[in-house]
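Chains as they are written, first to last, in my numbering: chain A, 3 to 400; chain B, 626 to 784.
In what follows, a structure is listed as structure tokens, so that the remarks can point back to it.
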Amino acid sequence: MTTVQTATGAAETMVLNMGPQHPSTHGVLRVLLELDGETVVAAKPDIGYLHTGIEKTCEAKTYSQAITLTDRIDYLAPLSNNLAYCLAVEKLLGLEVPKRAQYVRVLLTELTRIGSHLVWLGTHAIDLGAMSMFLYCFREREEVLKIFEFVSGQRMMTSYFRIGGLALEPPPGWLERVERFVEMFPARIQEYEDLLTQNRIWLGRTQGVGVISGEDAVAWGVSGPSLRGSGVAYDIRKMFPYSSYDEFEFDICTQKAGDCYARYLVRVAEMRESLKIVRQAMAKIPPEGPIRTEAPGIVPPSREEMKTSIEGLIYHFKIFTEGFAPPPGEVQSSVESPRGELAVYVASDGTPKPWRVKFRTPSFVNLQALPKLCEGRLIADVVACIGTIDIVLGEIDR
Amino acid sequence: MAEPQDVENYAVVRKLKEWDAQAIAETHLFRGELTIVVPRAHLRRAAEFLHGDPELAFTYLCDVTGVDRFPSEPRFELNYHLVSMTRRERLRMKVRAESSNPVVETVSNVWPTANWHEREVFDLFGVRFEGHPDLRRILLPEDWEGHPLRKDFPVEGYR
Numbered sequence: 003m004t005t006v007q008t009a010t011g012a013a014e015t016m017v018l019n020m021g022p023q024h025p026s027t028h029g030v031l032r033v034l035l036e037l038d039g040e041t042v043v044a045a046k047p048d049i050g051y052l053h054t055g056i057e058k059t060c061e062a063k064t065y066s067q068a069i070t071l072t073d074r075i076d077y078l079a080p081l082s083n084n085l086a087y088c089l090a091v092e093k094l095l096g097l098e099v100p101k102r103a104q105y106v107r108v109l110l111t112e113l114t115r116i117g118s119h120l121v122w123l124g125t126h127a128i129d130l131g132a133m134s135m136f137l138y139c140f141r142e143r144e145e146v147l148k149i150f151e152f153v154s155g156q157r158m159m160t161s162y163f164r165i166g167g168l169a170l171e172p173p174p175g176w177l178e179r180v181e182r183f184v185e186m187f188p189a190r191i192q193e194y195e196d197l198l199t200q201n202r203i204w205l206g207r208t209q210g211v212g213v214i215s216g217e218d219a220v221a222w223g224v225s226g227p228s229l230r231g232s233g234v235a236y237d238i239r240k241m242f243p244y245s246s247y248d249e250f251e252f253d254i255c256t257q258k259a260g261d262c263y264a265r266y267l268v269r270v271a272e273m274r275e276s277l278k279i280v281r282q283a284m285a286k287i288p289p290e291g292p293i294r295t296e297a298p299g300i301v302p303p304s305r306e307e308m309k310t311s312i313e314g315l316i317y318h319f320k321i322f323t324e325g326f327a328p329p330p331g332e333v334q335s336s337v338e339s340p341r342g343e344l345a346v347y348v349a350s351d352g353t354p355k356p357w358r359v360k361f362r363t364p365s366f367v368n369l370q371a372l373p374k375l376c377e378g379r380l381i382a383d384v385v386a387c388i389g390t391i392d393i394v395l396g397e398i399d400r
Numbered sequence: 626m627a628e629p630q631d632v633e634n635y636a637v638v639r640k641l642k643e644w645d646a647q648a649i650a651e652t653h654l655f656r657g658e659l660t661i662v663v664p665r666a667h668l669r670r671a672a673e674f675l676h677g678d679p680e681l682a683f684t685y686l687c688d689v690t691g692v693d694r695f696p697s698e699p700r701f702e703l704n705y706h707l708v709s710m711t712r713r714e715r716l717r718m719k720v721r722a723e724s725s726n727p728v729v730e731t732v733s734n735v736w737p738t739a740n741w742h743e744r745e746v747f748d749l750f751g752v753r754f755e756g757h758p759d760l761r762r763i764l765l766p767e768d769w770e771g772h773p774l775r776k777d778f779p780v781e782g783y784r
């Protein structure tokens, strides 16, 4: 958050403050635009308005308590964040999670991806003037949130993944609900595509706008659909598989053009791929089996065990009062969140509280490429460029 | 920690040693993750080598993580998490800096993405990056005092 001098120092340009209270900045992003007429000469993103010190707070919490903070980083994809953090701590502890829990995790994070892409599509379209898309996308996203509420008790801040597995046994009948969604959704994607993919206004606003080459995108650390839209097939699910993703069949969606339209096509294709993964996961999840790994002193015992055995009670008490102490060391674990590579670094000093937790959030890095996308273009294209990199300010500022 | 022999199996360790034995101070293998500690004076050169070597091709900088090891010295640790897309490999390059002079060279001319990561480390830890094009606070207001992720900064802030 700083005052910014005009970059080029030219007398003919003017500086326009876009945001932090601007509807198309998706939160509290402020962009300083230096304009020559209507052309953007320089764009400087200014962030930090939503900084809440989550990484510092994590250092004062036990490993399990920090999970609730991860939801709040990216509030459009809380389960992806839960997963990234849990995987990091599990790696630190050397824990193996039961297959059943792994498949449930895959299924739910793919639904998260669909839900997050729907918010992106709706808000991106409304930014560019397509009002009805917003209503359609939020209608379907509601169905995803209902599934989350049914499974975890919460629509958004789920905290459903815990270290060593899941918080609760999924309720009976949840897979039927997922089934209903999976049946309904392909027709809805088609509906969005009918409205946008060949729409002349949509093409005019997105084709050739915000172009970034694959080489530049890699150099600027761009990840996720924004990178794949530039033809680089980098997907953590394939590159460094986690949570049994190597057992699923799906394609990495890429496009060559590297413009807003290419990124739109990638995300729409990704929703279809996610549905494919959800279908496979539904077939894979065994009806019964453990949802948490056996690790006394780290993973809480079941309710029944806690009530009936003295060891169970002691462990339960110790985990929730003191926490557990992983061995000293440091690990980094990354997942493919809807926005790109979400990497969590955890360093332990052998005490029950993490020494350092760092969230490498995709929006933070992707936003850095914004000037690259919109410099030299019209001011209206800035709106398209901000929309197309799919930023979440909670994730940028942490 | 693994036997040194295991670490030798990594092409990146071998190649770095062949290139300049001085560029590796320590290597660690923990939970399958390779960490190479690079002396501070060699950071820029090592970064250029890892990025530019066609066989290694660590072209993607995932992030730069600062760690405060207060009260031990050298106090600050910088972890550069690198990805080689062609080799499907990850690497943690670690550099240490003492509290008396927390300055390291920038790598933003090797990986442009390091620009904001280094600004973040500067903002939250107070480590300075020599040669950085635009070293300002990024998350906190410009008149903020102190560096919150330092261990001697209280969680609830100064009162």
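For each residue, glycine too, the CB sits at the ideal point set by N, CA and C.
Keep in mind the model is a prediction, meaning the values are calculated, not measured.
Proximal residues of chain B, C-beta to C-beta of residue i below 7 Å
i, result
"H53/A", "L764 and L765"
"Y236/A", "M710"
"K101/A", "Near K101/A there are no residues of chain B at all, since even the closest Cβ is about 20 Å away, more than 7 Å."
"A62/A", "V780"
"G166/A", "Going along chain B, no residue has its Cβ under 7 Å from G166/A, so there is no contact; the nearest lies around 16 Å."
Status (buried if at least 16 other CB within 10 Å, exposed otherwise) for residue i
i, result
"V121/A", "buried"
"E397/A", "buried"
"D392/A", "buried"
"K309/A", "exposed"
"V18/A", "The question names Val, but residue 18/A is Leu in the sequence shown. L18/A should be labelled exposed."
"K360/A", "buried"
"K258/A", "exposed"
"W204/A", "buried"
"K719/B", "buried"
"T72/A", "buried"
"F326/A", "buried"
"Y783/B", "exposed"
Inter-residue Cα distance where the pair is residue i and residue j
i, j, result
"D383/A", "R700/B", "45 Å"
"L749/B", "E40/A", "37 Å"
"C262/A", "A189/A", "24 Å"
"S365/A", "E307/A", "42 Å"
"I151/A", "V346/A", "The sequence given here has Glu at residue 151/A, not Ile. Computed Cα separation, rounded: 26 Å."
"E185/A", "V735/B", "48 Å"
"G117/A", "N83/A", "14 Å"
"S276/A", "C687/B", "24 Å"
"T59/A", "G691/B", "16 Å"
"Q23/A", "I388/A", "14 Å"
"D38/A", "A44/A", "9 Å"
"P227/A", "S709/B", "19 Å"
"G21/A", "V638/B", "47 Å"
"E57/A", "Q200/A", "44 Å"
"D678/B", "A672/B", "10 Å"
"A235/A", "V268/A", "11 Å"
"D399/A", "H53/A", "5 Å"
"R74/A", "E643/B", "46 Å"
"L97/A", "A349/A", "16 Å"
"D248/A", "K374/A", "34 Å"
"R265/A", "Q209/A", "10 Å"
"P664/B", "A650/B", "6 Å"
"A219/A", "H676/B", "15 Å"
"D777/B", "G314/A", "38 Å"
Neighbour list for residue i in chain A, Cβ cutoff strictly below 8 Å
i, result
"P773/B", "G55 and K58"
"L686/B", "G223"
"H706/B", "Q334, A345, Y347 and R362"
Chain B residues whose Cβ lies nearer than 9 Å to that of residue i
i, result
"K93/A", "R656, G657 and E658"
"M158/A", "In chain order: nothing, as chain B lies at least about 24 Å away."
"I321/A", "None at all; the shortest Cβ gap to chain B is about 22 Å."
"M241/A", "V708, M710 and R713"
Whole-Å CB distance - residue i paired with residue j, under 8 Å assumed
i, j, result
"I279/A", "E145/A", "About 17 Å; that fails the 8 Å criterion."
"E92/A", "W357/A", "No, E92/A and W357/A are not in contact; Cβ-Cβ is about 17 Å, not under 8 Å."
"S245/A", "Q104/A", "5 Å"
"P354/A", "T64/A", "5 Å"
"G167/A", "V213/A", "In fact, because the Cβ distance is near 44 Å, the residues do not count as touching under 8 Å."
"V729/B", "A722/B", "6 Å"
"K170/A", "M158/A", "Here the sequence assigns Leu to residue 170/A, which means Lys is not the residue at that position. Actually they do not touch by this definition, with Cβ atoms about 17 Å apart."
Residue i: contacting residues in chain B (beta-carbon distance under 8 Å)
i, result
"Q370/A", "T738, N740 and W741"
"I49/A", "I763 and L764"
"G96/A", "R656"
"D399/A", "L764"
Chain-ordered neighbours of residue i on chain A, where CB pairs are closer than 7 Å
i, result
"T690/B", "Y347 and K360"
- Check each residue of the region 333-358 of chain A: if its Cβ is closer than 8 Å to any Cβ of chain B, include it; give the result in chain order. Listed in chain order, the positions of the region 333-358 of chain A with a beta carbon within less than 8 Å of a beta carbon of chain B are V333, Q334, S336, E343, A345, Y347, A349, W357 and R358.
- Query: Mind listing which residues of the region 116-144 of chain A have their C-beta closer than 8 Å to chain D's C-betas, in chain order?
  - Reply: Absent here is chain D; the protein component of the structure consists of chains A and B.
- Name the residues in the region 723-738 of chain B whose C-beta lies less than 9 Å from a C-beta of chain A; which are they? The residues in question are W736, P737 and T738.
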